[in-house]
Amino acid sequence: MNSDHRLSTLRRRLAEEEIPAVVVTDIPNVIYLTGFDDVFDAMANAALLVTSEVARVYTDSRYETSVAAAAEGTSWALRVPKDAMYIALCEDVVAQGIDVIMLESSVPYGRFRFISEKFGGNVRVVDQLVEGLRQVKESREIVRIREAAAVTDRAFDHILDFITPGMTEASVGLELEVFMRTNGGHGIAFDPIVASGPNSAMPHAGVSDRRIEIGDFVKLDFGARYEGYCSDMTRTVVMGSASDRQREIHGAVLAANLAGIEACRAGRTGADIHETARAVLAEAGFGEYFGHGLGHGVGLEIHEQPSLSPRGRNAVPAGSVATIEPGVYIPGFGGVRIEDLVVVEDGGCTLLSHSPKELIEL
Ligand SMILES: [Mn+2]
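What the sequence shown shows, in my numbering, is residues 55 to 416, in sequence order.
Next comes the structure, spelled out in structure tokens:
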């Protein structure tokens, strides 16, 4: 993926801030800025040094061959130091006479201290430096997220035929994962959540060895990866016939989901969109059972900007991709979440999730 315009946008930002250099160490930011999407895994050892003159990737010998191939014909130079990567990087910065560098605010504290000591100059930590650029997707990024969402839709369709009473949550989670990996996905975006019965009252339950029983809510939250980009979707079904209480809760969450989608458009703040959906749940008497944010951005990472929550004070930009995922969680009883992925646009949003949302009784 050619990423030269991303580099020039970052350089413009450096010039505006009057900072001569930035050191980028967060791997999704490294992947984004270089456009080397199939080189670095989440555990990769890599960093970038960017100045008005230099665009250099630092890594170690494990990644040398693949980064050299990816960098060919791009603006990026490669440096594979014999010794510790950050020592070499700091020495290079000092050798260029640079006395101020920018670091991402997400830099781990130990790394921050190490770089600060080796560099010896002035270190400025900046929020959302690359994350702000990543928030607005290019059309080629949206194509990938849409494909990841299509894998998720197919997996939901498949799992409805697969789940039977007596099956453990873990076996359903594994089936979702295998299906996504073997039906168009290049991986999974996160470990699937399959939360049944009382476990469904925990928003991020994961999976357990609990066997799914007749009468359970079964909350399924899962996502695929496609060419590095994530999808995210939640549906909640009932094993057997739904009770009146289950219908009531599901109906309220669905109304909040639809209100959130209706409210979601560029220019509104994340907090405002969140509040629209929350008010629907409060009106239905479930306000106290919705404790998390309405949604989050999705891209190279499963959780990124923008934040559709009370903390989302900024206007959500056109071209961002976000989830709309209200939920009601009643301790001891169970919970429902309905989550869709959308592209935010001027005047509205476009759904990327197409799985049915009415209450499904298996
Ligand atoms: Mn989500």
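Don't be surprised by glycine CBs; every beta carbon is placed ideally from N, CA and C.
(message) Between Ile247 and Ala259, how many whole angstroms is the CB-CB distance? I'm expecting something under 8 Å.
(response) Taking the sequence shown and counting its residues from 1, one reaches residue 247 at position 193. Taking the sequence shown and counting its residues from 1, one reaches residue 259 at position 205. Indeed they touch by this definition, with Cβ atoms about 6 Å apart.
(message) Just to confirm before moving on: does the CB-CB distance between Gln150 and Ser374 stay below 9 Å?
(response) Residue mapping note: residue 150 aligns to position 96 of the sequence shown, counting from 1. Residue mapping note: residue 374 aligns to position 320 of the sequence shown, counting from 1. Not closer than 9 Å, so no.
(request) For the alpha helix (DSSP H) containing Asp270, list its first residue and its last residue. (result) By one-based count along the sequence shown, residue 270 stands at place 216. Looking at the DSSP string, Asp270 is not in any alpha helix (DSSP H), and its letter there is neither H nor E.
(message) Closest to Ser409 by C-alpha separation, out of Ile392, Ile242 and Val134, would be which residue?
(response) By one-based count along the sequence shown, residue 409 stands at place 355. Nearest C-alpha to Ser409 among Ile392, Ile242 and Val134: Ile392.
(request) Compute every distance between the C-beta of His350 and the non-hydrogen atoms of ligand 1, then say whether any falls below 8 Å. (result) Within the sequence shown, residue 350 is the residue found at index 296, counting from 1. Yes, the beta carbon of His350 sits closer than 8 Å to at least one heavy atom of ligand 1.
(message) Our contact map puts Ile266 next to Glu229 with C-beta atoms below 8 Å; I'd like the distance itself, whole angstroms only.
(response) Residue mapping note: residue 266 aligns to position 212 of the sequence shown, counting from 1. Residue mapping note: residue 229 aligns to position 175 of the sequence shown, counting from 1. Actually they are not in contact, since the Cβ atoms of Ile266 and Glu229 sit about 12 Å apart, beyond 8 Å.
(request) Give every residue whose Cβ lies closer than 5 Å to any heavy atom of ligand 1, listed in chain order. (result) Ordered along the chain, the selected set is Asp286 and Thr377.
(request) Using a Cβ-Cβ cut-off of 9 Å, state whether Ala317 counts as contacting chain D. (result) The structure shown contains no chain D, having only a single protein chain.
(message) If I follow the unbroken beta strand (DSSP E) through His350, where does it start and stop?
(response) As a working note, residue 350 is residue 296 in the sequence shown. Boundaries of the beta strand (DSSP E) harbouring His350: Gly349 to Gly351, taken from the DSSP string.
(message) Less than 8 Å between C-beta atoms, sequence neighbours within five positions excluded: which residues of the same chain meet that for Ser170?
(response) As a first step, residue 170 must be located in the sequence shown, where it is residue number 116. So the qualifying residues of the chain are Val177.
(request) Would you mind sorting Arg342 into buried or exposed? The rule is 16 or more other CB atoms within 10 Å of its CB. (result) In the sequence shown, residue 342 corresponds to position 288, counting from 1. Reading off the sequence, residue 342 comes out as Glu, not Arg. Counting Cβ neighbours within 10 Å, Glu342 comes out exposed, since fewer than 16 surround it.
(message) Do Val121 and Thr113 count as a contact pair if the criterion is CB distance below 9 Å?
(response) To locate residue 113, count along the sequence shown from 1; it is residue 59. To locate residue 121, count along the sequence shown from 1; it is residue 67. Cβ distance < 9 Å, so Thr113 and Val121 count as in contact.
(request) Kindly identify the DSSP beta-bridge partner or partners of Asn253. (result) Along the sequence shown, one-based indexing puts residue 253 at 199. Paired residue(s): none; Asn253 is not in a bridge.
(request) Taking all protein chains shown into account, decide if Tyr163 is buried (16 or more other Cβ within 10 angstroms of its Cβ) or exposed. (result) Within the sequence shown, numbered from 1, the residue matching residue 163 stands at position 109. Here Tyr163 is exposed: its Cβ has fewer than 16 other Cβ atoms, across all protein chains shown, within 10 Å.
(message) Only counting the same chain, and skipping five residues up and downstream in sequence, which positions put a Cβ closer than 6 Å to that of Arg198?
(response) The residue given as residue 198 occupies position 144 in the sequence shown. Taking C-beta separations shorter than 6 Å and ignoring five residues to either side along the sequence, the partners of Arg198 in its chain run Tyr280, Glu281 and Tyr283, following chain order.
(request) With a threshold of 16 other CB atoms inside 10 Å of the CB of Asp80, please say whether the residue is buried or exposed. (result) As a first step, residue 80 must be located in the sequence shown, where it is residue number 26. Classification of Asp80: buried, given that the 10 Å Cβ count is 16 or more.
(message) Check this for me: beta carbons of Val291 and Leu274, under 9 Å apart or not?
(response) Walking along the sequence shown from the start, residue 291 turns up at place 237. Walking along the sequence shown from the start, residue 274 turns up at place 220. Result yes, Cβ atoms of Val291 and Leu274 sit closer than 9 Å.
(request) Out of Ala249, Ala75, Leu183 and Gly277, state which residue places its alpha-carbon closest to the alpha-carbon of Arg235. (result) As a working note, residue 235 is residue 181 in the sequence shown. Nearest to Arg235 by C-alpha distance, out of Ala249, Ala75, Leu183 and Gly277, is Gly277.
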